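Scroll down for the structure; my scribbles are underneath it.
In our numbering, the protein residues as written are 470 to 592.
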């Protein structure tokens, strides 16, 4: 083969690659358009959002407030003998219980320091 025929083959290969890339782009664009149209059709079939009259209302007694309480861990009961197994009904239903002292623990200046704060730490 001479040099002129190689140049013609290279140009035609480049043109074929560009043409295939263009066709691939058209396929992707068509798929995206189809997906958007499908999504619009699905959205049209969904029920309308609730009207203001259908929105939830506050209870008659007003807003419900949260309760805060201090909890402490509940100890796991010990078996009377080493070989005895504890059954599920012998365990408590919750891992913690209400603490007798409901006073919140407060931070005391000089008693602790955060990492990198320059404080002395736990003293």
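Glycine is no exception: its CB is placed at the ideal position from the N, C-alpha and C atoms.
Nothing here was measured: the structure is a model prediction, and the numbers come from that model.
Exercise for review: In the DSSP assignment, find the unbroken beta strand (DSSP E) run with residue 565 in it and report its ends.
Suggested key: 565-567
Return the residue from the list 559, 567 and 557 that minimises the CA-CA distance to residue 536. 567
Write down the C-beta distance between residue 539 and residue 571 rounded to the nearest angstrom, noting that I regard them as a contact closer than 8 Å. Cβ-Cβ separation between residue 539 and residue 571: approximately 5 Å, consistent with a contact (criterion under 8 Å).
task = Identify whether residue 516 lies in helix, strand or coil by the three-state DSSP scheme.
result = Coil.
In three-state terms, what does DSSP make of residue 541? strand
Assumed close pair residue 564, residue 543 - CB separation to whole angstroms, cut-off 8 Å: 6 Å
* To do: Can you grab the Cα-Cα spacing for the pair residue 557 / residue 569, in whole Å?
  => About 26 Å.
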